[in-house]
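Residue numbers (our numbering): 173 to 381. Working notes for the structure below.
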């Protein structure tokens, strides 16, 4: 827990909990995306002044990157957790898809995935590159897990791990968009489980559970 003191010319210094305001900023970026999360909106939701925001985080860009890191290490870390905890590669990726539907439709958080709202496109801008890197990292995690599955005899030797990892990314992205569009929790989970079932085609005839 980190407390930040914002010095003022008059009156007593105002202290705020940096972790708390970062969590609130994360929720704004998650709901609105980077471009629509204006400084006035951020400061209102964070409960601090613009001066305090810049003093504590440096810039909107830096705040966004830190908020994204918080997302990845908290609620957005479901994918990394699934891939690490499941001993079987196919089961791990199937769980990732299922858990995506659960998280994206949770009433406790904003709908959808924060990473899918990160800036994108061919523009050679720092935040566009940042968004691309985040999505590429997610694809690489799945590819590496499937590749390890081949090595462990769980996944067919001729499986194209690159293509399948991009297929999974497309499914997760689609679930995120549909969640943000208001798709019901039951329908989202049913769609996720249908996609997860298709992963059965990857299984080697003899595999380790």
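Even for Gly, the Cβ is constructed at its ideal location relative to N, Cα and C.
Check                                                                                                     : Outcome
Neighbourhood of residue 243 by C-beta, 6 Å cutoff - its chain only, sequence neighbours within 5 removed : 198 and 286
Whether residue 236 touches residue 201 by CB criterion (8 Å)                                             : yes
N-terminal and C-terminal residue of the alpha helix (DSSP H) that residue 404 is part of                 : Outside the shown range of the chain (173 to 381) lies residue 404, about which nothing can therefore be said.
Beta-carbon proximity list for residue 375, same chain, < 8 Å, skipping 5 on both sides                   : 262, 326, 327 and 328
Where residue 215 falls, given that 16 or more other Cβ within 10 Å makes a residue buried                : buried
Stretch pair the stretch 310-320 + the stretch 346-353: three plus CB contacts closer than 8 Å            : no
Coil, strand or helix - residue 121 by DSSP                                                               : No answer is possible for residue 121: it lies beyond the span of the chain, which begins at 173 and ends at 381.
Environment of residue 377 [buried if 16+ CB atoms lie within 10 Å]                                       : exposed
Terminal residues of the alpha helix (DSSP H) in which residue 325 lies                                   : Run containing residue 325: none; DSSP gives neither H nor E here.
Beta-carbon proximity of residue 306 to residue 238, cut-off 8 Å                                          : no
Length of the line joining the Cα atoms of residue 390 and residue 277                                    : The structure shown does not extend to residue 390, since the chain spans only 173 to 381, so no value can be given for it.
Distance CB(residue 233)-CB(residue 254) smaller than 8 Å                                                 : no
Residue range of the unbroken alpha helix (DSSP H) whose run includes residue 240                         : 232-245
Among 260, 218 and 204, nearest to residue 323 - alpha-carbon criterion                                   : 260
CB of residue 266 within 8 Å of CB of residue 371, strictly                                               : yes
One or two residues paired with residue 229 in a DSSP bridge                                              : Answer by DSSP bridge pairing: none, since residue 229 is not bridged.
Residue range of the unbroken alpha helix (DSSP H) whose run includes residue 198                         : 190-208
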